[in-house]
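Residue numbers (UniProt numbering): 1 to 402.
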């Protein structure tokens with residue numbers, strides 16, 4: 001280090017870079033951050049002109065503490081896939097969604113998480129009452145589920161819908177606002193259903209019935225069709241008229257392998273380290289309110305409560321509304337003690353409008369417990385092994401001689 005130091009025109013120089021004293025380092029950081037460039041650009045610029053011990057760490061901290069950069073940064077990279085646990089029984093967890101204004105009508109889309117069995121109903125209204133009438137029609141056929149998973153649409157967050165679920169002992173779960181991936185099973189069925197009807201030349205009603213029959217009849221990756229998994233029998237379609245015998249039954253080994261693959265993560269997937277938040281951590285929360293083009297994209301907030309592994313209640317600082325945000329909608333915020341002093345005012349907070357997200361308690365699925373089947377006979381206790389042949393004296397066979 002001392003070999004590279006020299007004095008040029010009264011300035012201490014390290015190589016070709018001027019050594020900056022501690023009293024001027026903050027001003028130099030402001031000059032380097034003009035234009036709000038990121039860490040790498042600031043470091044490249046600093047390496048051409050200035051130097052002091054620990055300059056790279058100082059640049060990183062200055063960039064992280066910039067409020068303007070924090071409020072308008074990009075979304076974080078997507079975390080590793082966190083799949084739903086496979087239910088233990090058919091028709092146990094259902095995913096619901098609405099396809100709005102498709103082919104001149106609205107559609108209620110239902111799919112069973114265990115069997116992938118679809119139910120799709122055209123409807124003239126997406127109100128809670130109209131939706132409940134269609135659900136009661138399906139539940140009269142298949143029974144009441146344990147859990148319903150929906151988005152945060154007013155249809156599903158209304159008091160009428162909540163009371164209806166509570167009266168029937170149904171747990172209603174919703175995802176974070178503006179995060180449709182939580183209800184991905186229903187979203188995917190909506191996409192598949194729309195594509196099928198667009199490709200069909202039949203009227204929408206006939207095309208829907210044809211799509212449902214084929215979908216319920218087609219085996220999934222586990223070797224069973226949705227109809228077999230839900231109703232324990234295969235639907236008979238026109239393709240079955242070509243078979244000389246009833247449709248074959250998928251082997252139990254395929255079902256076990258498919259269930260195991262759905263319950264365990266893909267080992268080949270790239271595992272990324274996710275950030276861990278706890279109550280009191282300073283963060284930036286993604287803003288989804290009105291006038292988003294005139295408001296910061298990311299709003300300073302504080303973690304108030306954890307709602308499971310991926311959802312959190314955050315409070316906009318200093319005394320703003322409480323929002324619910326998914327892990328993907330949060331960014332870490334690096335602050336000093338002075339930044340969190342009481343009485344600090346934020347100009348943009350007064351114009352923010354709370355989106356009133358619905359509270360959700362994420363439940364951790366329970367692992368399967370292996371129980372002994374009913375009627376299994378107990379294993380008797382045997383003594384020492386004894387021969388079971390007769391102990392009588394054997395006589396030689398008397399044969400007639402010719």
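Glycine included, each C-beta is placed from N, C-alpha and C at the ideal position.
Discussion item. Taking contact to mean 3 or more Cβ pairs, one atom from each stretch, closer than 8 angstroms, check whether the stretch 102-116 and the stretch 185-202 are in contact.
Written reply: Yes, since at least three Cβ pairs between the stretch 102-116 and the stretch 185-202 fall closer than 8 angstroms, the two stretches touch.
Discussion item. Using 8 angstroms for Cβ pairs, my map puts residue 226 next to residue 115. What's the rounded Cβ distance?
Written reply: That belief holds up - the Cβ atoms of residue 226 and residue 115 are roughly 5 angstroms apart, short of 8 angstroms.
Worksheet item: Roughly how many angstroms separate the alpha carbons of residue 236 and residue 324, rounded to a whole number?
Response: 47 angstroms
Discussion item. Which same chain residues end up closer than 7 angstroms to residue 73 when comparing Cβ atoms and leaving out the 5 residues on each side of it in sequence?
Written reply: 298 and 331
Worksheet item: By a C-beta neighbour count over all protein chains shown, 10 Å radius and 16 as the cutoff for buried, is residue 100 buried or exposed?
Response: With fewer than 16 other Cβ atoms inside 10 Å of its own Cβ, residue 100 counts as exposed.
Worksheet item: Should residue 81 be labelled buried (16 or more other beta-carbon atoms within 10 Å of its own) or exposed?
Response: exposed
Worksheet item: So, is residue 241 buried or exposed, given that buried needs 16 or more other C-beta atoms within 10 angstroms?
Response: exposed
Discussion item. In the DSSP assignment, the alpha helix (DSSP H) including residue 154 goes from what residue to what residue?
Written reply: 154-157
Worksheet item: What three-state label does DSSP hand residue 224 in the structure shown?
Response: coil
Fill in: Same chain, Cβ closer than 8 angstroms to residue 124, five either side skipped, listed in chain order
105, 106 and 130
Worksheet item: Is it true that the CB of residue 151 sits closer than 8 angstroms to the CB of residue 171?
Response: no
Worksheet item: Hey, residue 280 and residue 316: beta-carbon distance below 8 angstroms or not?
Response: A distance of 8 angstroms or more separates the beta carbons of residue 280 and residue 316.
Worksheet entry | Other residues of its chain near residue 64: CB distance less than 7 angstroms, five sequence neighbours each side excluded | Leaving aside the five residues that flank residue 64 on each side, the residues in its chain whose CB is nearer than 7 angstroms to its CB run, in chain order, 334.
Item to complete: Would you mind sorting residue 90 into buried or exposed? The rule is 16 or more other CB atoms within 10 Å of its CB.
Response: buried
Practice prompt. Would you please state the rounded distance, in angstroms, between the beta carbons of residue 311 and residue 176? I believe it to be under 8 angstroms.
Written response: 5 angstroms
Worksheet item: Per DSSP, what kind of secondary structure is residue 16 in: helix, strand or coil?
Response: coil
Practice prompt. In angstroms with no decimal places, state the Cα-to-Cα distance between residue 168 and residue 146.
Written response: 9 angstroms
Worksheet item: Helix or strand or just coil, what does DSSP make of residue 415?
Response: Past the edges of the chain, shown from 1 to 402, lies residue 415, and the structure says nothing about it.
Worksheet item: According to the neighbour-count rule (16 or more other Cβ atoms, all chains shown, within 10 Å of its Cβ), is residue 93 buried or exposed?
Response: buried
Fill in: DSSP state of residue 219 mapped onto helix, strand, coil
coil
Item to complete: Tell me where the alpha helix (DSSP H) around residue 139 begins and ends.
Response: 128-142
Worksheet item: Under three-state DSSP, which class holds residue 395?
Response: coil
Discussion item. Strictly by DSSP, which residues pair up with residue 7?
Written reply: Beta-bridge pairing links residue 7 to 12.
Item to complete: Just the C-alpha distance for residue 45 and residue 35, rounded to the nearest angstrom, thanks.
Response: A direct Cα-Cα distance of roughly 12 angstroms separates residue 45 from residue 35.
Item to complete: Could you check if residue 202 is buried or exposed, using at least 16 other CB atoms within 10 Å of its CB as the buried criterion?
Response: exposed
Discussion item. Quick check on DSSP: helix, strand or coil for residue 296?
Written reply: coil
Worksheet item: My guess is that residue 304 and residue 283 are in contact by the Cβ rule of under 8 angstroms, so how many angstroms apart are they, rounded?
Response: About 10 angstroms separates the two Cβ atoms, so there is no contact after all.
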